[in-house]
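Participant: Residues 1204 to 1532 in our numbering are what the sequence shown lists, from first letter to last. Here it is, the structure, as structure tokens.
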Amino acid sequence: MRTHLPSRKVIAVLTAALLATGMAACGNSDTGDKGDDGKITLGFSQVGAESGWRTANTTSIKEAAAAAGFDLKFDDAQQKQENQIKAIRNFIQQKVDVIAFSPVVESGWDTVLKEAKDAKIPVILTDRSVDSADKSLYKTFLGSDFVKEGRLAGEWLVEQKKAATGPVNIVELQGTTGSAPANDRKKGFAEAIAANPNLKIIASQSGDFTRAGGKQVMEQFLKANPKIDVLFAHNDDMGLGALEAITAAGKVPGKDITIITVDAVKDGMQALADGKFNFIAECSPLLGPQLMDLVKKVQNGEEVPARIETQETTFTQEQAKEALPNRKY
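See the structure below:
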């Protein structure tokens, strides 16, 4: 029995069809798909793990990337700009589709961002901004209005101390030196308290956004300044560290010293509910879902706003008690 083999013409047609199918399966950037597996590859460089807020932020990003089906290349910069620049350059070498990062500090990014732009890899800033004059180096910024957070904290204090006739001594625990939240929260708070000439910042120093830093600097403040009426901490973790120093000094936090912080993570909210903190301006870390949506749009070549702000609120003691049972971070 003779076997009939396909003609050369038929083989050529089949080969062409297979090639076309293979090419289609590779995906293309116009549809937001990249790579043989059809996944968008996102390179993300995180500041570090310096606080409860940052841990919640990292979790939100990782979970949202997984839910979106992205290939996430995640890097922890351990609060060092040089680590972050190295990570971004690695992402460029790996030819990721989109780069997102939360800058350790505001300055010094133009060179590496230009490298990403030259490689045609779009960049998204999350949580913290950069001070580059060239806005074309990144597509958008997703995060909070840090000046507003500082201003809300200051406005609350002005209202609380409006009947004060003598000086109200304030100490300030700043975030990481040179970072956007530290610069902006300081600015917003100072602008707000200027409305009451009795409110005076007598000491201001960085606690680097950590509990250990907050405790150490607050110990120094207490030794150098016998009369402290108010503490403004740029995040909950520094405020929580300061609680230890205040208690060890024989003072009652929330009563002897009014404590105002920013973030509203669970531990901070618990301190507020317990009366150890007095007021918190919220800064939400749950940016993951919004970021993944932006990554898809940028990868598809869609226009996105230059700045996207997260919706946030403020909390008093009673409001913290109400919110705590359903708090996600």
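Ideal Cβ placement from N, Cα and C applies to all residues, glycine included. Quick caveat, the model's predicted, so the values are computed rather than measured.
If you reduce the DSSP assignment to three classes, tell me which class Lys1426 lands in.
Facilitator: Here Lys1426 sits in helix by DSSP.
Participant: Could you name each continuous beta strand (DSSP E) segment of 3 residues or more that falls completely within the segment 1406–1452, going from the start of the chain to the end?
Facilitator: List check, beta strand (DSSP E) in window: 1433–1436.
Participant: Decide if Ala1383 is buried, meaning its Cβ has at least 16 other Cβ atoms within 10 Å, or exposed.
Facilitator: Ala1383 comes out buried.
Participant: For the beta strand (DSSP E) holding Lys1298, just list the boundary residues, first then last.
Facilitator: Neither: Lys1298 is in no beta strand (DSSP E) and is coded neither H nor E.
Participant: From Leu1425 to Lys1364, what distance separates their C-alpha atoms?
Facilitator: When rounded, the distance between both Cα atoms is 21 Å.
Participant: Using a 10 Å radius around the Cβ and a threshold of 16 neighbouring Cβ atoms, would you call Gln1296 buried or exposed?
Facilitator: With fewer than 16 other Cβ atoms within 10 Å, it is exposed.
Participant: Taking 8 Å as the cut-off, does the segment 1486–1494 touch the segment 1264–1276 (at least 3 CB pairs, one atom from each stretch)?
Facilitator: Output reads yes: the segment 1486–1494 touches the segment 1264–1276.
Participant: Quick check on Gln1287: buried or exposed, where buried means 16 or more other Cβ atoms within 10 Å of its Cβ?
Facilitator: By the neighbour-count rule (16 or more Cβ atoms within 10 Å), Gln1287 is buried.
Participant: Taking the straight line between their C-alpha atoms, what separation do you get for Asp1466 and Ser1305?
Facilitator: Taking the straight line joining both Cα atoms gives about 16 Å.
Participant: Please report the distance separating the alpha-carbon of Asp1432 from that of Gly1417.
Facilitator: Asp1432 and Gly1417: Cα-Cα distance of roughly 17 Å.
Participant: Which full runs of the beta strand (DSSP E) of 3+ residues lie inside the segment 1254–1302, going along the chain?
Facilitator: Segments of the beta strand (DSSP E) lying fully in the segment 1254–1302: 1274–1279.
Participant: Looking only at its own chain, which residues have a Cβ that is under 8 Å from the Cβ of Lys1479, when we skip the five neighbours before and after it?
Facilitator: Here the set comprises Leu1446, Pro1456, Gly1457 and Ile1462.
Participant: Can you say whether Thr1516 is buried or exposed, counting buried as having 16 or more other CB atoms within 10 angstroms of its CB?
Facilitator: Its Cβ having fewer than 16 others within 10 Å, Thr1516 is exposed.
Participant: Going by DSSP in three states, Arg1510 sits in which element: helix, strand or coil?
Facilitator: Residue state, collapsed to three classes: strand.
Participant: Within a Cβ cutoff of 6 Å, which residues of the same chain sit near Ala1185, ignoring the five residues on either side of it in sequence?
Facilitator: The chain is shown only over 1204 to 1532; residue 1185 falls outside these bounds and no answer can be derived.
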